[in-house]
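J.: This structure is in structure tokens; I'll ask about it shortly.
Protein chains in written order, with our numbering: chain A, 1 to 996; chain B, 1 to 124.
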């Protein structure tokens, strides 16, 4: 027999594949390389991420103070703070040009959002939008990557960008779940009606977690008014129905009974379950029949839910159904629930029977007293009796009235003697109740409307047999007071009289300050017993009034009235009171009626003027005395008149100054005499000359060089307007105030010229040009330009209408424009202008800040800034105009270059230009720069062969600049402007040549 | 010139610390900022501030430990305001038991913090 050598069977041997060793080495090397590459890649990305995180952290630390500055800037910030704020705003604008910085800023704001609350949070939201970071978030919404879109939506949601609502709505049915869920939360967060839109439109599943999140968002919204969610019970999306049911339950919207009952029949068990929960919550008894109907076709969980609902809503009529379930249902849990529900409807209806030991064979030890044993036995008997009653009740309801007829035992009537054991149930209960007297007295059971249904079975319990006893709280005097207050109108007299409170007892009370009228009604004569009451009522409202001290004449007028007032008060209020009360009132500050001051009588106060001298001087001497007294009275009277006008223009009688009559021959003689007395003239001829000069003045031309008077309008606007109306009649009235001799001379002139009309001469009149000559008009306009403001516009308009000279008209037009601009610096077409951050800042900063800002415009500005700079060329401030012209030119060049040259060349030129423009502080530097450029130009033959000639526009500009009235702009500025234009043209031509 | 009240702010979150630091300084306090418990201890050993505003959760040395340190070791009664996260009421109660004067929960309203600080200083 051959022996099979299985061990060495060649068929069973597994041969190793023949692989070339070099290949193995190659493979090993390759895998090692791959491993190294993999590790290197991992390390590279890790380090990159770490480096970025570090950089971000560092940048966050740098930027966070800036953000803090923005968040806490206040309107009442100091000048330094505002300047810093402007600088920061500029700086941040620069930073925002970098994407990395934008990301970091967004991160900072999003981080801060979690940590701050209140007003700061609102500012944070505003800042986010002010910085334009929301635009980045919008851009993210356009991405194809789900995580980017989701992040964008999250940012917009967290920063409360409500404008994004419409953009986000399109993501509500996005197929990518993350985006969809983010959009759902965003919609609900951004607008209260977002939940409506979401429930109306969503086609996808709403997960349980999502529902919880949405609910959390809704319930944390301020002043959120939930919509009636029953509207979505008919939705085709069952998740919407489910969520609506949960919301209905959460917001207790119990007005959808029919829908709820119908939803019990829903195919979806979850909806069914939720509907049952709602039915149970809202006690929808009408749903019982439906519940019983669907019971048999439900799963175990639902059956339990239904039984639970029946237990809560059901009555004894439903016990039969429950018993049936208990007998027929195979499932243990359902059976148990059925029994539980029966017991819920009818407590103690089913007593535990399983594993209950039989106690009939128990023997009582001898050492235990009979009483204890008996009581134990009695208790046992009582329990048995209860069982019997339960049986009876479960079979017929008629037994219930019998139970209710059980004798009510008052706790104090319960006999503690337990020896007399009786066999009936009531006695057993009595004995059981003996040991319950320690229980607290039940005062009251509040029956909730519809919510609480007293269970009929509970009255079988012994404890419920106890009578409800109300404990009476003894009435205190205070309660008397309150009762009295309720019964009839409050009267302290009766209250205090009835409570016999003395003064000491009332000492702790705060002083009640009653109104005057009430005091009058309650301070009727009372008995002696009520003296304390009277004292309370004597307390008055006392106002401390600072009475202005009027002139003596007026004091006399007011004083009787004051006395009368006090007298009245004393008569009405103190009548019937004791002497002490009288003294009390006398000591109190007098209460004045304010209305007495608010009458025109107060304005009857005469206005006192400083009179010059007490003795009436001779007629001719008046003029001289006025001269000597320096016209102080005029100022005084005008001030007084102005004050009075402020109070009441109509009621103030003005004391008028009588104008001087034309000099009669007699007066002339006297005048000569006085002059001779005052001045020791050598001969009479000189005196005649002076008088002639006086009389010739009206016809003489007003010499401004000799009499340099500043016209100060001291009259009110009202009067001014009246005066404007009579400009052409030379009846303008101004008060001239001059401290030196020129004023005196002027006054003499004005009086002698008889300019001042008789009736309106309460103040010295304006020295108005008699002839409406061109020179005088220009002189007047010069004054107005120097001293006037926007209030002069009506006058100027009037002058413009009446003016016949074209040059004067032009001048008036310019003045009006100037005042209009001053009044409303940057108001032209505000609504149409594009938003300009610099312009916005300009409104709230001073000159220094404006100059700084213009430096920034030079570097950062764009096309819109050019328009703004052009407006600044007409600014009032010379420095701003100068700077604006500088910046405007530089910026224009830069923008032109940017527009025409490619990105690379633009960057180079821009940096050069910016550097140059920064260095250029004075026009001389521009010139030097140009010279420098010219030298450079000479080096390049073809490209820089440019014709240097002034164009028509440039000539116009130069002419315009020369003819402008801006004094501050020096000729060099204009020259600089032209040079800059030349520069621009050069650069343009260079670019054109380069571009072929 | 009125001397500024010294306030020690202990907060580990850089951003929030920076924000509160700025606000409190703007409110007229001389603020010393500490990022963790050790720094707080150093500051306290060097100079006792007029008031401490501290976060509960800090590295090395929690807010509660800080309260304990100030009250029991330094035997100081300077006001301490605790900043706690929402839902961290238990720690707040412990901090109160240890002797903290007031607490403010995150998210913090800087204006509210200012009011609380001023109130605590006025009490002193």
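Glycine included, every Cβ here is placed at the ideal spot set by N, Cα and C.
#1: Enumerate in chain order the residues of its own chain whose CB-to-CB distance from residue 31/B is below 7 Å, with the five nearest sequence positions on each side excluded.
#2: Less than 7 Å between C-beta atoms, sequence neighbours within five positions excluded: which residues of the same chain meet that for residue 242/A?
#3: For residue 61/A, which residues in chain B fall below 8 Å Cβ to Cβ?
#4: Residues of chain A with CB under 7 Å from residue 106/B, in chain order?
#5: Is any beta-carbon of chain B found at less than 7 Å from that of residue 842/A?
#6: Any idea which residues DSSP pairs residue 6/B with across the strands?
#7: So, under 8 Å CB-CB, residue 28/B and residue 59/B are touching, yes? Tell me the CB distance rounded to an integer number of Å.
#8: Would you decide whether residue 97/A is buried or exposed? Buried here means 16 or more other CB atoms lie within 10 Å of its CB.
#9: Tell me which residue opens and which closes the beta strand (DSSP E) that residue 105/B is part of.
#10: How would you label residue 843/A, buried or exposed, when you count the other beta carbons within 10 angstroms and need 16 or more for buried?
#11: CA-CA distance, residue 47/B and residue 109/A?
#12: Beta-carbon within less than 7 Å of residue 86/B's beta-carbon, same chain only, minus the 5 sequence neighbours each way: which residues are those?
#13: Mind the definition here: the stretch 342 to 358 of chain A touches the stretch 308 to 315 of chain A only if three or more C-beta pairs lie below 8 Å; say whether that holds.
#14: Excluding the five sequence neighbours on either side, which residues of its own chain have a C-beta within less than 6 Å of the C-beta of residue 90/A, listed in chain order?
#15: Whole angstroms is fine: what's the gap from residue 1002/A's alpha carbon to residue 138/A's?
#16: Could you check where the beta strand (DSSP E) with residue 73/A kicks off and where it finishes?
#17: Counting contacts by CB-CB distance shorter than 7 Å, is residue 106/A in contact with chain B?
#18: Between the Cα of residue 881/A and those of 894/A, 854/A, 55/A, 859/A, spot the shortest distance and give me the residue it belongs to.
#19: Under 7 Å, Cβ to Cβ, is there at least one residue of chain B near residue 78/A?
#20: Rank 874/A, 878/A, 871/A by C-alpha distance to the C-alpha of residue 848/A and give the top, closest one.
#21: Of all the alpha helix (DSSP H) runs that stay within the bounds of the stretch 247 to 308 of chain A, which reach a length of 4 or more residues?
#22: In terms of residue numbering, what span does the alpha helix (DSSP H) encompassing residue 777/A cover?
#23: Counting only beta-carbon atoms, is residue 125/A nearer than 7 Å to chain B?
#24: Taking only beta carbons into account, state which residues of the stretch 144 to 174 of chain A come closer than 9 Å to chain B, listed in chain order.
#25: Taking the alpha-carbon positions, what's the residue 351/A to residue 238/A distance?
#26: Taking residue 35/B as the query, report the chain A residues whose CB atoms sit under 8 Å from its CB, ordered along the chain.
#27: Please identify, using Cβ separations under 7 Å, the residues of the stretch 59 to 81 of chain B that lie next to chain A, in order along the chain.
#28: Report yes if the C-beta distance between residue 162/A and residue 190/A is below 7 Å; otherwise report no.
#29: Buried or exposed for residue 85/A, please, with buried defined as at least 16 other CB atoms from any protein chain shown within 10 angstroms of its CB.
#30: Is there contact here, the stretch 56 to 72 of chain B with the stretch 91 to 103 of chain B, by at least three beta-carbon pairs under 8 Å?
#31: Taking DSSP's pairing of strands, which residues face residue 108/B in a bridge?
#32: Can you give the Cα-Cα distance for residue 753/A and residue 851/A, rounded to whole angstroms?
#33: Can you tell me which of the three DSSP states residue 817/A falls into?
#34: Taking 7 Å as the CB-CB limit, is residue 120/A close to chain B?
#35: Determine, using beta carbons only, whether residue 98/B and residue 67/B come nearer to each other than 7 Å.
#36: When burial is assigned at 16 or more other CB atoms within 10 Å of the CB, is residue 20/A buried or exposed?
T.: On the basis of the supplied data:
#1: Around residue 31/B, the same chain offers 7, 9, 21, 24, 25 as residues with beta carbons nearer than 7 Å, after the five sequence neighbours per side are excluded.
#2: Within the same chain, residue 242/A has close Cβ partners 270, 271, 274.
#3: Under the 8 Å cutoff, chain B gives 14, 18.
#4: Residues of chain A whose Cβ lies closer than 7 Å to the Cβ of residue 106/B are, in chain order, 115.
#5: It does not: the Cβ of residue 842/A has no partner Cβ on chain B nearer than 7 Å.
#6: As computed with DSSP, residue 6/B is found in a beta bridge with 30/B.
#7: Incorrect: roughly 29 Å between the Cβ atoms, too far for contact.
#8: Label assigned to residue 97/A: exposed.
#9: Note, residue 105/B: beta strand (DSSP E), 102 to 105.
#10: For residue 843/A, the number of other beta carbons within 10 angstroms of its own is below 16, and it is reported as exposed.
#11: Between the alpha carbons of residue 47/B and residue 109/A lies a gap of roughly 34 Å.
#12: For residue 86/B, where only same-chain residues beyond five positions count, the Cβ hits under 7 Å are 105, 106.
#13: Judged by Cβ distances under 8 Å, the stretch 342 to 358 of chain A makes contact with the stretch 308 to 315 of chain A, as three or more pairs qualify.
#14: Beyond the five residues adjoining it in sequence on each side, residue 90/A comes within less than 6 Å, by CB distance, of 856 in the same chain, given in chain order.
#15: Nothing can be reported for residue 1002/A, as the shown portion of chain A is limited to 1 through 996.
#16: That residue, residue 73/A, is in no beta strand (DSSP E); it is neither H nor E in DSSP.
#17: No, its Cβ sits nowhere closer than 7 Å to a Cβ of chain B.
#18: Minimum Cα distance to residue 881/A is reached at 854/A.
#19: Closer than 7 Å to the CB of residue 78/A there is not a single CB belonging to chain B.
#20: Residue 878/A is the option with its Cα nearest to residue 848/A.
#21: Complete alpha helix (DSSP H) runs here, min 4: 257 to 263, 269 to 282, 288 to 295.
#22: Its alpha helix (DSSP H) spans residues 774 to 787.
#23: No, residue 125/A does not count as interfacial toward chain B.
#24: Listed in sequence order: no entries.
#25: Their Cα atoms are separated by approximately 43 Å.
#26: The premise fails here: residue 35/B is roughly 11 Å from chain A at the closest Cβ pair, so nothing lies under 8 Å.
#27: If the cut-off is 7 Å between Cβ atoms, the stretch 59 to 81 of chain B has nothing near chain A.
#28: Yes, these two residues count as a Cβ contact at 7 Å.
#29: Buried is the label assigned to residue 85/A, since at least 16 other Cβ atoms lie within 10 Å of its Cβ.
#30: Verdict: yes, contact present.
#31: Bridge pairing for residue 108/B: 116/A [DSSP].
#32: Because the pLDDT of residue 753/A is 47, which lies under 50, any placement of that residue in the model is unreliable, and the question is left without a value.
#33: Reduced to three states, the DSSP call for residue 817/A is helix.
#34: Taking 7 Å as the threshold, the shortest C-beta distance from residue 120/A to chain B falls below it.
#35: Yes, Cβ-Cβ distance for residue 98/B and residue 67/B is below 7 Å.
#36: The residue in question, residue 20/A, is exposed, as its Cβ has fewer than 16 Cβ neighbours within 10 Å.
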